[in-house]
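S.K.: Provided herewith is a single structure, encoded as structure tokens, for subsequent inquiry.
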Amino acid sequence: MPLRDITLDDVESLAVGAWILGTGGGGSPYLGLLNMRALYKEGHRVQLMPAEELADDDWVAAVSNMGAPLVGQERLTDSRTIAKAVDLMERHTGYRFRGIMALEIGGGNSIQPLMAAAHLGRVVIDADMMGRAYPEAQMTSVAVGDLQPYPLTTVDCRGLESVVQAVPTWKWMERVSRKICVEYGSIASTCKAPRTGAEVKRWGIHGTTTKAIAIGAAVLEAQRRHEDPIAAILSVEPGKILFTGKVVDVERRATEGFLRGRTRFEGSDAWRGSSMELNFQNEWIVAWLDGEPVAMSPDLICVIDSVAGEAVGTETIRYGQRVTVIALPPPPVFLTPKGLQHVGPRAFNYDIDFKSVFAS
Amino acid sequence: MRRIGIDVGGTNTDAVLIEDGKVAGAVKAPTSADVTGGILDSLKRLAATGALAGKRIDGVMIGTTHFINAVVQRRHLTKVGALRLGMPASASLPPFCDWPEDLAALVRGGVWMVEGGHEYDGRPFMPLDVVAVANAAREMKALGLKAVAISSIFSPLDPSHEREAAAIVARELPDASITLSSDLGRIGLLERENAGLLNAGLAELARDTIAAFERSIRESGIEAALYITQNDGTVVEAAQARRLPVYSFASGATNSMRGGAYLSGLDDAMVIDVGGTTTDVGQLRNGFPREANSVVKVGGVRTLFRMPDLTSIGLGGGSHVVLDPIKVGPVSVGYRLLQEGVAFGGSQLTTSDIAIASGRLGIGERSRVAHLDAATCARVFAECKRMIEETVDRMKTEAGPVPLVAVGGGAFLVSDELEGVSRVVRVAHGDCANAVGAAIAQVSGECDQIFRDLTRVAAIAQASDIAADRAVAAGADRATLKTIETEDMPIAYLPGNAVRVRVRVVGDVADRGGL
Numbered sequence: 001m002p003l004r005d006i007t008l009d010d011v012e013s014l015a016v017g018a019w020i021l022g023t024g025g026g027g028s029p030y031l032g033l034l035n036m037r038a039l040y041k042e043g044h045r046v047q048l049m050p051a052e053e054l055a056d057d058d059w060v061a062a063v064s065n066m067g068a069p070l071v072g073q074e075r076l077t078d079s080r081t082i083a084k085a086v087d088l089m090e091r092h093t094g095y096r097f098r099g100i101m102a103l104e105i106g107g108g109n110s111i112q113p114l115m116a117a118a119h120l121g122r123v124v125i126d127a128d129m130m131g132r133a134y135p136e137a138q139m140t141s142v143a144v145g146d147l148q149p150y151p152l153t154t155v156d157c158r159g160l161e162s163v164v165q166a167v168p169t170w171k172w173m174e175r176v177s178r179k180i181c182v183e184y185g186s187i188a189s190t191c192k193a194p195r196t197g198a199e200v201k202r203w204g205i206h207g208t209t210t211k212a213i214a215i216g217a218a219v220l221e222a223q224r225r226h227e228d229p230i231a232a233i234l235s236v237e238p239g240k241i242l243f244t245g246k247v248v249d250v251e252r253r254a255t256e257g258f259l260r261g262r263t264r265f266e267g268s269d270a271w272r273g274s275s276m277e278l279n280f281q282n283e284w285i286v287a288w289l290d291g292e293p294v295a296m297s298p299d300l301i302c303v304i305d306s307v308a309g310e311a312v313g314t315e316t317i318r319y320g321q322r323v324t325v326i327a328l329p330p331p332p333v334f335l336t337p338k339g340l341q342h343v344g345p346r347a348f349n350y351d352i353d354f355k356s357v358f359a360s
Numbered sequence: 001m002r003r004i005g006i007d008v009g010g011t012n013t014d015a016v017l018i019e020d021g022k023v024a025g026a027v028k029a030p031t032s033a034d035v036t037g038g039i040l041d042s043l044k045r046l047a048a049t050g051a052l053a054g055k056r057i058d059g060v061m062i063g064t065t066h067f068i069n070a071v072v073q074r075r076h077l078t079k080v081g082a083l084r085l086g087m088p089a090s091a092s093l094p095p096f097c098d099w100p101e102d103l104a105a106l107v108r109g110g111v112w113m114v115e116g117g118h119e120y121d122g123r124p125f126m127p128l129d130v131v132a133v134a135n136a137a138r139e140m141k142a143l144g145l146k147a148v149a150i151s152s153i154f155s156p157l158d159p160s161h162e163r164e165a166a167a168i169v170a171r172e173l174p175d176a177s178i179t180l181s182s183d184l185g186r187i188g189l190l191e192r193e194n195a196g197l198l199n200a201g202l203a204e205l206a207r208d209t210i211a212a213f214e215r216s217i218r219e220s221g222i223e224a225a226l227y228i229t230q231n232d233g234t235v236v237e238a239a240q241a242r243r244l245p246v247y248s249f250a251s252g253a254t255n256s257m258r259g260g261a262y263l264s265g266l267d268d269a270m271v272i273d274v275g276g277t278t279t280d281v282g283q284l285r286n287g288f289p290r291e292a293n294s295v296v297k298v299g300g301v302r303t304l305f306r307m308p309d310l311t312s313i314g315l316g317g318g319s320h321v322v323l324d325p326i327k328v329g330p331v332s333v334g335y336r337l338l339q340e341g342v343a344f345g346g347s348q349l350t351t352s353d354i355a356i357a358s359g360r361l362g363i364g365e366r367s368r369v370a371h372l373d374a375a376t377c378a379r380v381f382a383e384c385k386r387m388i389e390e391t392v393d394r395m396k397t398e399a400g401p402v403p404l405v406a407v408g409g410g411a412f413l414v415s416d417e418l419e420g421v422s423r424v425v426r427v428a429h430g431d432c433a434n435a436v437g438a439a440i441a442q443v444s445g446e447c448d449q450i451f452r453d454l455t456r457v458a459a460i461a462q463a464s465d466i467a468a469d470r471a472v473a474a475g476a477d478r479a480t481l482k483t484i485e486t487e488d489m490p491i492a493y494l495p496g497n498a499v500r501v502r503v504r505v506v507g508d509v510a511d512r513g514g515l
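Respectively, the protein sequence lines represent chains S and H.
Once you know that position 282 of the first sequence is 282 in the numbering used here, the rest is easy, because the numbers rise by one and skip nothing.
Once you know that position 161 of the second sequence is 161 in the numbering used here, the rest is easy, because the numbers rise by one and skip nothing.
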């Protein structure tokens, strides 16, 4: 399959679809979208390459922005900073990257590889390492695969550049890189441990950029036609509706730097008389229907505004919103016993056995 | 205490006199194109009722849609020099980057980005580049710019760079209107900066409009200080409104809600304001409308500052009605009801025609709508009821029934029994609720900041002190201050259990003597 041109319409769709795949977190893609509009206006263009097209000995950069979404609202995402993180990794390792991929397709980080690719003249690899958004570095497919967690570069627009040369585990990488990020002002552009083509083909979660674009395009089309956006999402993804209703209670608390809490919904339509509770740690983690756990990480739990079709985030959800809760299938890599150790319910301190919505 | 409240709406200018807590007079006059005429007219009508009769007036409070209309209609806008302090961050997203092109073309007088700004923890992000600020000011002068908007990273936490830059700009451009984004509050650089740019773009209109208001009052023979009502239901002295016109953007709807609270005696209730074309629903907490904590688009520009949290739907006394299948609004005949409504000899079926046919409304000629039977009217009212119930429920923040105050000329569309509503409260002078809301307005102060390494209680206490000081600076009497809104929100991925606290206090206008 040849390279595919990413149009500006694709980027607009990606922003909508990635926000849905953010499963409540991941940060809004809005500023990334503004950057891409500016880059396309200047004449930049980006192409998408299927992961299968990589040669085994190609090198691939995996990028993401790290930090507090709130700081990102003041120090606005600048497309050049993420390109600098990739450039630093090339200078540090001596590799020349064939392409750039997302660490995290959910939320604002979905657009970071496009910005780096535009500046550096590389392709975007159609894959990521989460298939959604997750809060920590060890919650990735490459961590499940026990691939090498280092080196890592962190860059700030003021010329601050750091390399984490080596760490024994992914959890150490999370701790050390988080410290650097806080020192930078709680925001940093990062290039994760470089991956070979063979590793991306074996451990990458393939086709997720295409998937996010398809979901977003379906929602935008439904909005234009005044049709049901939920049906539009389910027409392109084999998802399931878990609940339809409205928000009746939201509880949030910040612990260990994470936003934790729960949201309760009262049912309407087919769910009249039932109630759902969602627990979150930045992202939606477990869904309880009338007290029974019915969906949990790594299944993707997405809360969608029933009318607008836009994703509703854990930071902004509020009483009275009409929402539909849907589940989307997780990447298979997380369904193995090792995968569940990293991202199953017990990884988030819920003492329940994983049971997929999609297990027949 | 004797005050006149005036609401300058798109169609009518309403005026009321509030004396010792009661409505002592209320009039309506058509809004005039020249601003002054309509206000003068309404004041004359109010005088003609005999209510004023040579009494001393303590203040005239005016609410106006002038400033928001200028943005929406792209009229009377001034070119603005945008100065952002925060380089090298955010350079790829300069000021105006997400504005509609037509509006940007009218307001963008030039963009300057220099080093400066702060971190979330108070450290400077970069030292302020004072030389670059001075150079920018000289270039603005050469371009003939008269309005400047200054924004800086995390300026709601530390406004010192914005203030220092403003002083430098003022030396080069002593007559320029300068807007600081920190005066507009909220975290979110792009949205706060946008509000600042809009504010600076309204500088000349604000100056002319406030001068016209003052002239009208003088010509009417009334001697009283002028206050302008704001988005949050409070007032500021005319001089401050001239400086921050965006704070008066949504004062019409807010004044209706405040008036509804006052006339009903309820401090915690929902308010529904049904006009000719739209219905606004909001929630009163401690007598004030709840504030929006999210992005509000004004004329296509994303902003984030003090605005009321309202939902508007296309339902009003002039809404078009289609019977099969049943559909009400959002299109409306608006002020042409008296020509186009069926009961008035026109051909467009409206909600007012239904109300006249059913006997709810005693205007027009009922014989012209005699073909509308009771069952048909009931179906239309049921649809209005459904629309209202859903909107009211969306705006509630908790389950359980609440009282609903119905105001506005179209309040007859609100049924007495609504799901989720304990009772529908109707009030005398409900059709002038907006002018009443203006007349009774108080003064406020707000703090929206991030606190670290403090208990939640200590953070809220500190925020309350800051808000109180700001209210007093804005003209409030400290002894009358009370807290009307407290909100705290934990923040993800920041160390030190960071919490963002927003506190708002209000108090009576301090008696400055001699008024």
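C-beta: ideal position from N, C-alpha, C; glycine also.
Can you name the residues of chain S whose CB is closer than 8 angstroms to the CB of E101/H?
M.R.: Under the 8 angstroms cutoff, chain S gives no residues; its nearest Cβ is about 11 angstroms from E101/H.
S.K.: Could you give the distance in angstroms between the alpha-carbon of L189/H and the alpha-carbon of R75/S?
M.R.: Approximately 8 angstroms, taken between the alpha carbons.
S.K.: Would you report the Cα separation of I373/S and G233/H, rounded to the nearest angstrom?
M.R.: No information on residue 373/S is available, as it lies outside the stretch 1 to 360 that chain S covers here.
S.K.: Alpha carbon to alpha carbon, how far is E38/S from T314/S?
M.R.: The sequence given here has Ala at residue 38/S, not Glu. For A38/S and T314/S, the distance between alpha carbons rounds to 29 angstroms.
S.K.: Please confirm if N35/S has its CB atom under 7 angstroms from at least one CB of chain H.
M.R.: Judged by the 7 angstroms Cβ criterion, N35/S is in contact with chain H.
S.K.: Quick one: residues in its chain with C-beta nearer than 6 angstroms to the C-beta of V427/H, no 5 flanking neighbours on either side, listed in chain order?
M.R.: Counting only Cβ-Cβ distances below 6 angstroms, and skipping sequence neighbours, we find L263, S264.
S.K.: How many Å lie between R207/H and S177/S at the Cα?
M.R.: Computed Cα separation, rounded: 52 angstroms.
S.K.: Which term fits M36/S, buried or exposed, when burial requires 16 or more other beta carbons within 10 angstroms of its beta carbon?
M.R.: Looking at its Cβ environment, which holds 16 or more other Cβ atoms inside 10 Å, M36/S is buried.
S.K.: Who are the Cβ neighbours of L244/H in its own chain at under 7 angstroms, not counting the five residues just before and after it?
M.R.: Here the set comprises D183, N199.
S.K.: Give a yes or no on whether the C-beta atoms belonging to E191/H and R302/H are separated by under 7 angstroms.
M.R.: Their beta carbons are under 7 angstroms apart, which means E191/H touches R302/H by this criterion.
S.K.: Distance check for F67/H and V246/H, CA to CA, integer angstroms please.
M.R.: Approximately 7 angstroms, taken between the alpha carbons.
S.K.: Assuming C97/H is part of the alpha helix (DSSP H), what are its boundary residues?
M.R.: That residue, C97/H, is in no alpha helix (DSSP H); it is neither H nor E in DSSP.
S.K.: Would you say P325/H faces chain S, with C-beta separation under 7 angstroms as the test?
M.R.: Answer no: the Cβ-Cβ gap between P325/H and chain S never drops below 7 angstroms.
S.K.: Which two residues bound the contiguous beta strand (DSSP E) that contains I4/H?
M.R.: First-last of the beta strand (DSSP E) with I4/H: 2-8.
S.K.: Should D56/S go down as buried or exposed, given a rule of 16 or more other Cβ atoms within 10 Å for buried?
M.R.: With fewer than 16 Cβ atoms within 10 Å of its Cβ, D56/S is classed as exposed.
S.K.: Assign Q283/H to one of three DSSP states: helix, strand, or coil.
M.R.: The answer is strand: DSSP assigns Q283/H an E or B state.
S.K.: Whose Cβ in chain S lies nearer than 7 angstroms to the Cβ of L190/H?
M.R.: Those are L76, listed as they occur along chain S.
S.K.: Put E277/S into one of helix, strand or coil per three-state DSSP.
M.R.: E277/S: strand per DSSP, three-state reduction.
S.K.: Could you list which residues in chain S have their beta carbon closer than 7 angstroms to that of S220/H, in chain order?
M.R.: In chain order: nothing, as chain S lies at least about 44 angstroms away.
S.K.: Checking the sheet assignment: what are the DSSP bridge partners for F288/H?
M.R.: Beta-bridge pairing links F288/H to R285/H.
S.K.: So is R394/H in contact with chain S if we call contact Cβ pairs under 7 angstroms?
M.R.: At least one chain S Cβ lies under 7 angstroms of R394/H.
S.K.: Can you tell me where the beta strand (DSSP E) with F305/H in it begins and where it stops?
M.R.: Careful: F305/H lies outside any beta strand (DSSP E) and carries neither H nor E.
S.K.: Which of the residues in the segment 384-411 of chain H, read from start to end, lie with their CB under 9 angstroms from any CB of chain S?
M.R.: Those residues of the segment 384-411 of chain H that come within reach of chain S (Cβ to Cβ, closer than 9 angstroms) are E390, D393, R394, M395, K396, T397, E398, A399.
S.K.: Does the ligand FMN have a heavy atom nearer than 6 angstroms to the CB of I62/H?
M.R.: With respect to the ligand FMN, the structure shown offers nothing to examine, as it has no ligands at all.
S.K.: Does the beta-carbon of V343/S have 16 or more other beta-carbons within 10 angstroms, so that it is buried, or is it exposed?
M.R.: Per the 10 Å Cβ criterion, buried.
S.K.: How would you call E42/S, buried or exposed, if buried means at least 16 neighbouring beta carbons within 10 angstroms?
M.R.: Answer is exposed; the Cβ neighbour count stays below 16.
S.K.: From the DSSP secondary-structure annotation, give me the bridge partner or partners of D273/H.
M.R.: Answer is D280/H, V407/H.
S.K.: If you run the structure through DSSP and keep just helix, strand and coil, what is E139/H?
M.R.: E139/H: helix per DSSP, three-state reduction.
S.K.: Run through chain S and tell me which residues come within less than 8 angstroms of L93/H, C-beta to C-beta.
M.R.: Within chain S, the residues near L93/H are L31, L34, N35, A38, L76, T77, D78.
S.K.: Taking the C-alpha atoms as reference points, what is the distance between A222/S and I222/H?
M.R.: The straight-line gap from Cα to Cα measures roughly 57 angstroms.
S.K.: So, G318/H versus A433/H, is the Cβ gap smaller than 7 angstroms?
M.R.: Going by C-beta atoms, G318/H is not nearer than 7 angstroms to A433/H.
S.K.: Taking Cβ positions, are I18/H and A474/H nearer each other than 7 angstroms?
M.R.: In this structure, A474/H does not lie closer than 7 angstroms to I18/H by Cβ.
S.K.: Over what stretch of residues does the beta strand (DSSP E) that includes H320/H continue unbroken?
M.R.: Start and end: 319-322.
S.K.: Determine whether the beta carbon atoms of V499/H and T486/H lie at a separation below 7 angstroms.
M.R.: The answer is no: Cβ separation not under 7 angstroms.
S.K.: Can you grab the Cα-Cα spacing for the pair V72/H / P100/H, in whole Å?
M.R.: Using only the alpha carbons, I get a separation of about 11 angstroms.
S.K.: Leaving aside the five residues before and after D58/S along the sequence, list all residues of the same chain whose C-beta is less than 6 angstroms from its C-beta, in chain order.
M.R.: Cβ neighbours of D58/S beyond the five flanking positions: R98, G197.
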